[in-house]
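**Student:**
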Amino acid sequence: MRVDIEPLGDILLARVSGELDLRTAPEFRDTVDGALERDYRDINLLLLSMAGVTFLDSSGLGAVLGRYRRLSQRGGRVVVCSLPHQISKVFELAGLFKLIDAFDTEADAIAALRGGGAGCQQQTR
Amino acid sequence: MRVDIEPLGDILLARVSGELDLRTAPEFRDTVDGALERDYRDINLLLLSMAGVTFLDSSGLGAVLGRYRRLSQRGGRVVVCSLPHQISKVFELAGLFKLIDAFDTEADAIAALRGGGAGCQQQTR
Amino acid sequence: MPATNKVTNYVEIEFPAVPENVEFARVAMACFASQINSFVLEEIDDIRLLTSEAVSNSIIHGYPGRPGIVRLRATIADGTLEMIVEDEGRGIPDVKRAMQPAFTTREDRLGMGFTIMEALADELEVYSEENKGTRVVIRKRPARSA
Amino acid sequence: MPATNKVTNYVEIEFPAVPENVEFARVAMACFASQINSFVLEEIDDIRLLTSEAVSNSIIHGYPGRPGIVRLRATIADGTLEMIVEDEGRGIPDVKRAMQPAFTTREDRLGMGFTIMEALADELEVYSEENKGTRVVIRKRPARSA
Ligand SMILES: Nc1ncnc2c1ncn2[C@@H]1O[C@H](COP(=O)(O)OP(=O)(O)O)[C@@H](O)[C@H]1O
Ligand SMILES: Nc1ncnc2c1ncn2[C@@H]1O[C@H](COP(=O)(O)OP(=O)(O)O)[C@@H](O)[C@H]1O
């Protein structure tokens, strides 16, 4: 599991790759929370770009939802994009798309975050 | 494991790929022997091209050596080419290069088989 | 090789209940399941997910903050994969309730593990006794038979 | 993550002695061994080969033409991988002789299995008793420690 953090103005882009499970979820949480609370305290829009995620289970979903809850508390927002088919299926099964909007590409997600759209360009699942 | 057979005039080219072990060795043997004894009885030069072999152990080596012995008995010859590093290492450890010549490419091997060379263009290991 | 579908084969695996071993369990089950040739790639991915959910539950909930052992038994018979994931941990007082969507006893979790397992398995059985342990039985057949 | 090198972890695996399970054993051992981060890819390949040779021997020689069970136990301690491959099969009457290059009791084989294992393992121990079974102990450390 790997997280690459890149600030894009008012948005924090986190590109996640590898396997997000019980073992790696704490590292994911620490990296993202560390960036949001230490390096980029003024950013409260988080985009999780997941094209490189090869596995994700409910422990991984829990880590994603944890970031959603934290940012919601401070008036922020979390969206995801570029979900591989199997990862999208796990989000769907767990009902996470009811809380977290998903987009096909990073560009779509960034446009929606900046436009404040509610996610009508949501990824076809 | 997969073997693709292609006759090149006086040479039978067998391109092997996948894992050659205790489970797959019988299939390798049957395919190659079937070709040599049924479809191409007049060919007695065999080139095993192994670029696609992802695993080979001493059961796989035994299957290669078995073809060598069969063809030697009828005055033929077996050479190998395009060995991935790990496969070459197994041949080396088992001392098989003392019996079977190895070449870097299919072209090198074909030239040597046609020229009747003893394998001085042997692959650097 | 349609013959493999009639072969009965099994593996039994035992390991300590630590997060490091969840990936190992997934890889082992995916590899074993692929002996059933008619499983397509997506079904093998489902088996990875089923394994991950059941084994993670034994680690987190079965042995919270203490060491323990997880046992995995997978069997292939008549083209069906059966996986049994077992711990000798804390057990579940009310299985029916535990299996409801969003039910969890740990607030950092979703409570969707069993829901995901029910969606992906052809059959799911959960046996549990408090302070004795939990056994999860998962059966999965290829959608397209060979 | 150099910390993993101090963790002690293990897996125990049991399966029927059939050729279908050799690949499973290789994949399982390669995946488990990769918990030692300082193993490079070529060393993981060596572990696949070591596993394949030892497990194949139990299947072919331990239980020739009859059913049987192979047990595999792998342990990580102090950054070293120890693998034990065990059968309750025919056993080896003269281990020293069996380990010599080109010695084999089956003419379709090379007799190079033990030679390959000796070359790739840091330590190789073979215990065997006729009609009781055979136990092969293999130890492998990363060449470059973390
Ligand atoms: N192996 C187990 N041992 C003890 N309790 C378990 C076990 N598996 C599940 N449970 C209980 O069932 C609940 C629901 O499990 P699950 O649906 O997988 O969601 P989650 O793991 O997110 O809590 C858990 O919160 C736990 O209380
Ligand atoms: N697990 C085992 N049970 C019984 N005999 C064995 C076992 N492993 C090895 N042997 C004996 O040792 C010999 C040499 O083994 P090895 O070097 O692996 O070569 P090969 O498998 O090609 O014969 C075998 O031919 C067999 O007689």
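Residue numbers (numbering that gives the first Met the number 0), protein chains in the order written: chain R, 0 to 124; chain W, 0 to 124; chain G, 0 to 145; chain X, 0 to 145. Virtual Cβ for every residue (Gly too), placed ideally from N, Cα, C.
For R/Gly94, which of R/Val63, R/Arg40, R/Val31 has the nearest alpha-carbon?
**Tutor:** Against the first sequence, residue 94 of chain R aligns to sequence position 95. For the options R/Val63, R/Arg40, R/Val31, the alpha carbon positioned closest to that of R/Gly94 is the one of R/Val63.
**Student:** Where does G/Lys131 land, buried or exposed, given buried means 16+ other C-beta within 10 angstroms?
**Tutor:** As a working mapping, residue 131 of chain G is identified with position 132 in the third sequence. Exposed.
**Student:** Mapping DSSP to helix, strand and coil, what is G/Ile137?
**Tutor:** As a first step, residue 137 of chain G is located in the third sequence; it is residue number 138 there, counting from the start. Residue state, collapsed to three classes: strand.
**Student:** For W/Asp100 versus W/Val78, is the C-beta distance shorter than 8 Å?
**Tutor:** Along the second sequence, one-based indexing puts residue 100 of chain W at 101. Along the second sequence, one-based indexing puts residue 78 of chain W at 79. For W/Asp100 and W/Val78, yes; Cβs fall inside 8 Å.
**Student:** Take R/Ser48 as the anchor and find which of R/Arg14, R/Gly65, R/Asp32, R/Ser58 has the nearest alpha-carbon.
**Tutor:** To locate residue 48 of chain R, count along the first sequence from 1; it is residue 49. When only C-alpha atoms are compared, the closest one is R/Arg14.
**Student:** Note the first and the last residue of the continuous alpha helix (DSSP H) segment covering X/Thr114.
**Tutor:** Translated into positions along the fourth sequence, residue 114 of chain X becomes position 115. Per DSSP, X/Thr114 is one residue of the alpha helix (DSSP H) stretching across 112-119.
**Student:** Are the beta-carbon atoms belonging to X/Glu41 and W/Asp56 less than 8 Å from one another?
**Tutor:** The residue given as residue 41 of chain X occupies position 42 in the fourth sequence. The residue given as residue 56 of chain W occupies position 57 in the second sequence. Cβ distance not < 8 Å, so X/Glu41 and W/Asp56 don't count as in contact.
**Student:** I'd like the span of the beta strand (DSSP E) that includes X/Thr79, first residue to last.
**Tutor:** Stepping through the fourth sequence from its first residue, residue 79 of chain X is reached at position 80. 79-86 is the span of the beta strand (DSSP E), which, as asked, contains X/Thr79.
**Student:** Measuring CB to CB, does G/Ala120 end up less than 8 Å from G/Arg143?
**Tutor:** To locate residue 120 of chain G, count along the third sequence from 1; it is residue 121. To locate residue 143 of chain G, count along the third sequence from 1; it is residue 144. Not closer than 8 Å, so no.
**Student:** Buried or exposed for R/Asp9, please, with buried defined as at least 16 other CB atoms from any protein chain shown within 10 angstroms of its CB.
**Tutor:** If you number the first sequence from 1, residue 9 of chain R lands on position 10. By the neighbour-count rule (16 or more Cβ atoms within 10 Å), R/Asp9 is not buried but exposed.
**Student:** Assign R/Tyr67 to one of three DSSP states: helix, strand, or coil.
**Tutor:** Against the first sequence, residue 67 of chain R aligns to sequence position 68. It is helical.
**Student:** Is G/Ala101 helix, strand or coil by DSSP?
**Tutor:** What you label residue 101 of chain G is simply residue 102 of the third sequence in a count that begins at 1. Here G/Ala101 sits in coil by DSSP.
**Student:** Can we say the segment 111-130 of chain X touches the segment 14-28 of chain X, given the rule of at least three CB pairs closer than 8 Å?
**Tutor:** no
**Student:** Please identify the residue among G/Pro100, G/Met116, G/Glu124 whose C-alpha is closest to the C-alpha of G/Thr50.
**Tutor:** Along the third sequence, read from residue 1 onward, the residue named residue 50 of chain G stands at position 51. When only C-alpha atoms are compared, the closest one is G/Met116.
**Student:** Mapping the DSSP letters down to three states, classify R/Pro25 as helix, strand or coil.
**Tutor:** The residue labelled residue 25 of chain R in the question sits at position 26 within the first sequence. Residue state, collapsed to three classes: helix.
**Student:** When the cut-off is 8 Å and only beta carbons count, does R/Leu112 lie next to chain G?
**Tutor:** As a working note, residue 112 of chain R is residue 113 in the first sequence. No, its Cβ sits nowhere closer than 8 Å to a Cβ of chain G.
**Student:** So who's on the other strand from X/Thr7, going by DSSP bridges?
**Tutor:** To locate residue 7 of chain X, count along the fourth sequence from 1; it is residue 8. Looking at the DSSP assignment, X/Thr7 forms no beta bridge with any residue, so it has no partner.
**Student:** Decide yes or no for the touch test of the segment 82-98 of chain G against the segment 32-46 of chain R: beta carbon pairs closer than 8 Å, at least 3 of them.
**Tutor:** no
**Student:** Under 8 Å Cβ to Cβ from W/Gln121, same chain only, skipping five residues before and after it: list those, please.
**Tutor:** To locate residue 121 of chain W, count along the second sequence from 1; it is residue 122. Low confidence applies here, because W/Gln121 scores a pLDDT of 48, under 50, leaving its location unreliable; read the following figure in that light. So the qualifying residues of the chain are Phe96, Asp100, Ala101, Phe102.
**Student:** Would you check whether ligand 2 has a heavy atom nearer than 7 Å to the C-beta of X/Glu52?
**Tutor:** Within the fourth sequence, residue 52 of chain X is the residue found at index 53, counting from 1. Yes.
**Student:** Just verifying my parser: in three-state terms, what is the DSSP assignment at G/Ser57?
**Tutor:** Stepping through the third sequence from its first residue, residue 57 of chain G is reached at position 58. Secondary structure of G/Ser57 (DSSP, three-state): helix.
**Student:** Taking buried to mean at least 16 other C-beta atoms within 10 Å of its own C-beta, is W/Ala110 buried or exposed?
**Tutor:** Residue mapping note: residue 110 of chain W aligns to position 111 of the second sequence, counting from 1. Under this definition W/Ala110 is an exposed residue.
**Student:** Using a C-beta to C-beta distance shorter than 8 Å, which residues of chain G count as neighbours of X/Gln34?
**Tutor:** Along the fourth sequence, read from residue 1 onward, the residue named residue 34 of chain X stands at position 35. Ordered by position in chain G, the residues that pass the 8 Å Cβ test against X/Gln34 are Glu19, Phe23.
**Student:** Listing by chain order, which chain R residues have their CB less than 8 Å from the CB of G/Met111?
**Tutor:** The residue given as residue 111 of chain G occupies position 112 in the third sequence. Residues of chain R passing the Cβ test: Ser57, Leu60, Leu92, Ala93, Gly94.
**Student:** In the DSSP assignment, find the unbroken beta strand (DSSP E) run with W/Leu112 in it and report its ends.
**Tutor:** For the purposes of this step, residue 112 of chain W is identified with residue 113 of the second sequence, where counting begins at 1. No beta strand (DSSP E) holds W/Leu112; the alpha helix (DSSP H) holding it covers 105-114.
**Student:** Got a sec: does ligand 1 put a non-hydrogen atom nearer than 7 Å to the Cβ of G/Ala97?
**Tutor:** Your numbering for residue 97 of chain G matches position 98 in the third sequence. Within the cutoff, so yes.
**Student:** Compute the Euclidean distance between the alpha carbons of G/Ala27 and W/Ile42, then round it to the nearest angstrom.
**Tutor:** Along the third sequence, read from residue 1 onward, the residue named residue 27 of chain G stands at position 28. Along the second sequence, read from residue 1 onward, the residue named residue 42 of chain W stands at position 43. Using only the alpha carbons, I get a separation of about 44 Å.
**Student:** In terms of DSSP beta bridges, what is G/Val21 paired with?
**Tutor:** The sequence position of residue 21 of chain G within the third sequence is 22, counting from 1. According to the DSSP secondary-structure assignment, G/Val21 is paired through a beta bridge with no residue.
**Student:** Whole angstroms is fine: what's the gap from X/Tyr9's alpha carbon to X/Ala76's?
**Tutor:** Walking along the fourth sequence from the start, residue 9 of chain X turns up at place 10. Walking along the fourth sequence from the start, residue 76 of chain X turns up at place 77. About 9 Å.
**Student:** For a contact meaning CB atoms closer than 7 Å, what does G/Ala118 contact in chain R?
**Tutor:** For the purposes of this step, residue 118 of chain G is taken as residue 119 along the third sequence, with counting starting at 1. The contacting residues are Leu92.
**Student:** Looking only at C-alpha atoms, which of W/Thr23, W/Leu44, W/Ser71, W/Arg69 sits nearest to W/Glu5?
**Tutor:** Locating residue 5 of chain W in the second sequence gives position 6, counting from the first residue. The shortest Cα separation from W/Glu5 among W/Thr23, W/Leu44, W/Ser71, W/Arg69 belongs to W/Leu44.
**Student:** Round the Cβ separation of W/Ala50 and W/Ser87 to the nearest angstrom and send it over; I've been treating them as touching at under 8 Å.
**Tutor:** Looking up residue 50 of chain W in the second sequence gives position 51. Looking up residue 87 of chain W in the second sequence gives position 88. Going by Cβ atoms, the distance from W/Ala50 to W/Ser87 rounds to 12 Å, so no, they are not a contact pair.
**Student:** Is the Cβ of G/Ser55 closer than 8 Å to any Cβ of chain R?
**Tutor:** Looking up residue 55 of chain G in the third sequence gives position 56. For G/Ser55, the answer is yes, since a Cβ of chain R falls inside 8 Å of its Cβ.
**Student:** Measure the beta-carbon distance from X/Glu128 to G/Glu11 and round it to whole angstroms, keeping in mind my assumption that it falls under 8 Å.
**Tutor:** The residue you call residue 128 of chain X lines up with position 129 of the fourth sequence. The residue you call residue 11 of chain G lines up with position 12 of the third sequence. Not quite, the Cβ-Cβ distance comes to about 24 Å (not below 8 Å), so this is no contact.
**Student:** Taking G/Gly90 as the reference, which of G/Gly67, G/Ser37, G/Ile43 has the closest Cα?
**Tutor:** As a working note, residue 90 of chain G is residue 91 in the third sequence. Ranking the options by Cα distance to G/Gly90, first place goes to G/Gly67.
**Student:** Report the option in G/Arg65, G/Thr74, G/Val135, G/Arg140 whose CA atom is closest to the CA atom of G/Val94.
**Tutor:** The count along the third sequence starts at 1 and reaches residue 94 of chain G at position 95. Between G/Val94 and the set G/Arg65, G/Thr74, G/Val135, G/Arg140, the nearest pair of CA atoms involves G/Val135.
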